[in-house]
Amino acid sequence: ASDKTIKTYMGTLLANRGNINYCTSGALSPLFNDPSYRTIGIGTKVFFCGAEGYVAWHGTQFNSSNERDENGIPYSPSGTMALIGDLKAMNEEYIAPAVFDGYGISMFVGVGVPIPILDVEMMKAVSIENKDLFTNIIDYSVNENNKPSLGLVSYEELRSGSIELDGKTIKTAPITSMKKSRKIASELKDWILKGSFTLQEPIKLFPQNNSLNGLEIREANKNEK
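Count along the sequence shown from 1, then add 57; that gives the number in the numbering used here.
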């Protein structure tokens with residue numbers, strides 16, 4: 058915890074544990090519904106901002122070696138996707154600029170991934186609920202690469218609007234729009250039922266034990282030129 062307000066890519070974090078921000082659609086997230094990447098890989102066709110797109114590679118900071126629970130769900134950020142698509146075919150409803158005050162600019166991007174039910178295990182995976190999805194509460198006030206966890210919390214608790222941490226009630230807020238996420242899922246479903254969107258089997262699956270090498274930031278030596 059810190060007595061200073063912090064500006065981050067997850068939005069503004071208020072001093073003295075004043076709030077918690079999170080970014081995911083929870084149980085609706087494709088990467089939670091297929092945590093082993095059995096159907097998501099290079100070549101997978103996706104809903105990309107209102108148009109068809111494809112997975113080109115695993116994305117920035119992809120880390121499939123993170124600690125996971127008994128259902129294979131990672132406790133911290135893990136799967137990411139690098140996508141390719143036709144910008145001119147996209148719908149501005151699903152792509153928009155984002156400005157994080159005091160931090161910088163980014164972009165809101167709407168993505169939907171169809172997940173075929175291959176077997177009983179896949180059905181079990183896509184049936185996951187927010188009460189069964191847990192993540193670490195990370196303390197961003199610690200100026201280190203490996204920031205400490207303050208504990209685990211379920212997405213059901215996060216979505217309730219507040220959680221209890223060390224006897225204090227802390228407000229929670231999503232960066233992801235659940236309304237837009239549900240609309241993307243519904244629109245993709247309609248495309249599939251109408252036959253205008255066909256599934257594409259990936260030509261190569263994502264690696265299962267990919268880890269990250271952190272960049273150590275060191276103070277410059279005053280004697281160095």
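Glycine included, C-beta positions come from ideal geometry on N, C-alpha and C.
Only a predicted model underlies this, so the values are computations on that prediction, with no experimental measurement involved.
The beta strand (DSSP E) that contains Pro154, what's its start and end?
Residues Ile152 to Phe157.
Rounded to the nearest angstrom, how far is the Cβ of Gly218 from that of Thr229, given a contact under 8 Å?
That pair is a contact at about 6 Å.
Give me, in chain order, the residues of the same chain whose beta-carbon lies closer than 7 Å to that of Ile249; leave out the 5 immediate sequence neighbours on both sides.
Only Pro171 meet the Cβ criterion.
Cβ of Tyr132 within 8 Å of Cβ of Phe89?
Taking 8 Å as the Cβ cut-off, Tyr132 and Phe89 do not qualify as a contacting pair.
Find out if the Cβ-Cβ distance for the pair Leu85, Ala242 is shorter than 8 Å.
Contact flag set, yes.
Beta strand (DSSP E) containing Ile249: first to last residue?
No beta strand (DSSP E) holds Ile249; the alpha helix (DSSP H) holding it covers Met235 to Lys251.
If we ignore side chains and look at the alpha-carbon of each, how far apart do Val210 and Leu70 end up?
Rounded to whole angstroms, Val210 to Leu70 spans 18 Å at the Cα level.
Given a cut-off of 8 Å, decide if Ile141 and Ala108 are closer than it, judged by their beta-carbon atoms.
Going by C-beta atoms, Ala108 is not nearer than 8 Å to Ile141.
So what's Glu127 in DSSP terms, helix, strand or just coil?
Correct three-state label for Glu127: coil.
What separation, rounded to the nearest whole angstrom, lies between the Cα atoms of Asp223 and Asn193?
Their Cα atoms are separated by approximately 15 Å.
Can you give me the Cβ contacts of Ile185 inside the same chain, cut-off strictly under 8 Å, excluding the 5 residues immediately before and after it?
For Ile185, where only same-chain residues beyond five positions count, the Cβ hits under 8 Å are Ala84, Phe89, Asn90, Asn128 and Ile130.
Compute the Euclidean distance between the alpha carbons of Pro264 and Met180, then round it to the nearest angstrom.
Spanning the two alpha carbons is a distance of roughly 22 Å.
Can you name, in chain order, every residue of its own chain whose Cβ lies under 7 Å from the Cβ of Leu269, other than the five neighbours on each side?
So the list reads Gln118 and Asn120, once near-sequence residues are dropped.
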